[in-house]
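Heads up, the thing below is written out as structure tokens.
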Amino acid sequence: MSINHLSEVEFGVELPTFQPDTSLANVKKFAIAAGWNSPRFTDHEAARKEGLPGALIPGIMSQGFLSAMIHNWAPGAEIRLVDTIFRAPCVVDERYHINGVVTDIDEESGEVEIDLTVTNDAQETRVFGTAKVMIAN
Amino acid sequence: MILDLHAHSIKSDDGRAKVQNYCQWIRAKEIAIDGFVLTEHRQFDNESDYSPLAAKHGLTILKGAEVETQYGHVLVFGVNDALQAAFDFTNINLRLEQVIEACHANGAVAVPCHPGRKRVGMAAHLEEFGIPKGVTIVEVYNGGSRGEEDQVAQHMADEQGYLGIGGSDAHIVSHIGRCATEFSGDIRSELELVEALQGRDFKALKIKQED
Chain A
167 MSINHLSEVE FGVELPTFQP DTSLANVKKF AIAAGWNSPR FTDHEAARKE
217 GLPGALIPGI MSQGFLSAMI HNWAPGAEIR LVDTIFRAPC VVDERYHING
267 VVTDIDEESG EVEIDLTVTN DAQETRVFGT AKVMIAN
Chain B
5 MILDLHAHSI KSDDGRAKVQ NYCQWIRAKE IAIDGFVLTE HRQFDNESDY
55 SPLAAKHGLT ILKGAEVETQ YGHVLVFGVN DALQAAFDFT NINLRLEQVI
105 EACHANGAVA VPCHPGRKRV GMAAHLEEFG IPKGVTIVEV YNGGSRGEED
155 QVAQHMADEQ GYLGIGGSDA HIVSHIGRCA TEFSGDIRSE LELVEALQGR
205 DFKALKIKQE D
């Protein structure tokens, strides 16, 4: 269900889960567009030689996925902040699940706070954080 | 009584949760805990008084700290002025033995947390530094554990005869209460928490979160 007005937002409501496209082809497109065309993001073998578990999804791409999830839920929301803590790397070609849940609503200002988590299939949290978004009344 | 013994608020550098929202979340989602302990990183929060919030929501809200030693991170319960004078909570290179001795001398309890975690957990340092003296309790269930970390912690606890506690290690609102510790009696203060831990009558829990 899409959210268009603040009155539709409830404390504790879960945003629809978002499964990002973490394929090497998609990450390569992002890395080139962002000017981050480093082998650590685009080449599993080269990344492993650097001691990494594989090519990594760039942090700003993960933040982009989080923003996409928010806009899937509330297309008109103005994202003021996406604040992330990276606990463990997210590896290209692995499956991740992005979840969000409303944890604070300021009825006066229209600001909604959302807990964000990126988990893998083992339900381990790889990235967590919060977003502050403005939703019109 | 069930308490989440390991949580962080916005007072911690990587904490993103407001305490009032933890309370709201616990009640809205009917999380099966009776309260929590705020264990802020490298500090004790001397300023905040959460008693009105605790009363409003019918929860126990206590304060502790999470400090850093050569064996990794350590929760400290029962922090008082004397303990804060005994060592520098902001020092990231504390000696675990010093922390434990200071806790013993000042009516507090030290509990190595997420001991199965690489780098910041106690088990990773046993080969280099040996078995530390004075540890009696470790955190065996941590809500932020990945892979085999909790199993490593439990295995170490079993081998060394340590008791185990549980804590969510929540940094965001929705993670509160993922793990906790069940005590046989009521706990309403830091002093009562220390007595309960010293009484050794508790068990670690993992708590399933309902949607």
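Residue numbers (the numbering used here), protein chains in the order written: chain A, 167 to 303; chain B, 5 to 215.
We put the CB at the ideal spot given by N, CA and C, even for glycine.
Bear in mind that the values here come from a model prediction, so they are computed numbers and not experimental data.
CA-CA distance, Met167 of chain A to Val293 of chain A, rounds to 25 angstroms. Between the beta-carbon of Val267 of chain A and that of Val175 of chain A there is about 11 angstroms, and that puts the pair past the 8 angstroms contact cut. Using a CB distance below 9 angstroms, the part of the segment 287–299 of chain A facing chain B consists of Ala288, Glu290, Thr291, Arg292, Phe294, Gly295 and Thr296, ordered along the chain.
At least one beta carbon of chain B lies nearer than 8 angstroms to the beta carbon of Val267 of chain A.
Look at the beta carbons and you see the segment 241–255 of chain A not touching the segment 192–204 of chain A: under three pairs across the two are nearer than 8 angstroms.
Shown here, Asp173 of chain B sits in coil according to DSSP, grouped into three states, outside any helix or strand. Below 8 angstroms, too few C-beta pairs join the segment 141–160 of chain B and the segment 255–275 of chain A to call them touching: fewer than three. In the DSSP annotation of this structure, Arg292 of chain A is not part of any alpha helix (DSSP H); the continuous beta strand (DSSP E) holding it starts and ends at Thr291 to Met300.
In this model, Arg46 of chain B and Asp17 of chain B are separated by some 10 angstroms (Cα to Cα). Identification of chain A residues near Ala32 of chain B by a Cβ-Cβ cut-off of 7 angstroms yields Phe177 and Gly178, ordered along the chain.
Taking 7 angstroms as the Cβ-Cβ cut-off, the segment 165–193 of chain B approaches chain A at His175, Ile176, Val177 and Ser178, given in chain order. Proximity of Gln28 of chain B to chain A, defined by a Cβ-Cβ separation below 8 angstroms, is satisfied. In this structure, DSSP gives Asn192 of chain A a helical state, which the three-state scheme calls helix. Our two residues, Ala240 of chain A and Tyr166 of chain B, have alpha carbons roughly 49 angstroms apart in a direct line.
In terms of beta-carbon proximity, Asn146 of chain B stays away from the interface with chain A, with every pair separated by 8 angstroms or more. Of all residues in the segment 242–270 of chain A, only Asp249, Ile251, Arg253, Ala254, Val267, Thr269 and Asp270 place a beta-carbon less than 8 angstroms from a beta-carbon of chain B. Under the Cβ criterion of 8 angstroms, Asp53 of chain B is not counted among the residues facing chain A. Cα atoms of Leu130 of chain B and Glu101 of chain B: separation of roughly 14 angstroms, rounded to the nearest angstrom. Taking each of B:Phe206, B:Ile96, B:Ala157 and B:Val142 in turn and checking the Cα distance to Lys122 of chain B, the smallest one comes out for B:Ala157. With respect to the 8 angstroms criterion, Met300 of chain A and Glu279 of chain A are not classified as neighbours on the basis of their beta carbons. A contact between stretches requires three or more CB pairs, one per stretch, nearer than 8 angstroms, and the segment 46–55 of chain B fails this requirement with the segment 97–115 of chain B.
The continuous beta strand (DSSP E) containing Ala184 of chain B extends over residues Cys183 to Phe187.
Within the DSSP bridge table, the entry for Thr283 of chain A names A:Asn265 and A:Phe294 as partners. Look at the beta carbons and you see the segment 71–91 of chain B not touching the segment 19–26 of chain B: under three pairs across the two are nearer than 8 angstroms. Asn146 of chain B: not part of any alpha helix (DSSP H); member of the beta strand (DSSP E) spanning Ile141 to Asn146, first to last residue.
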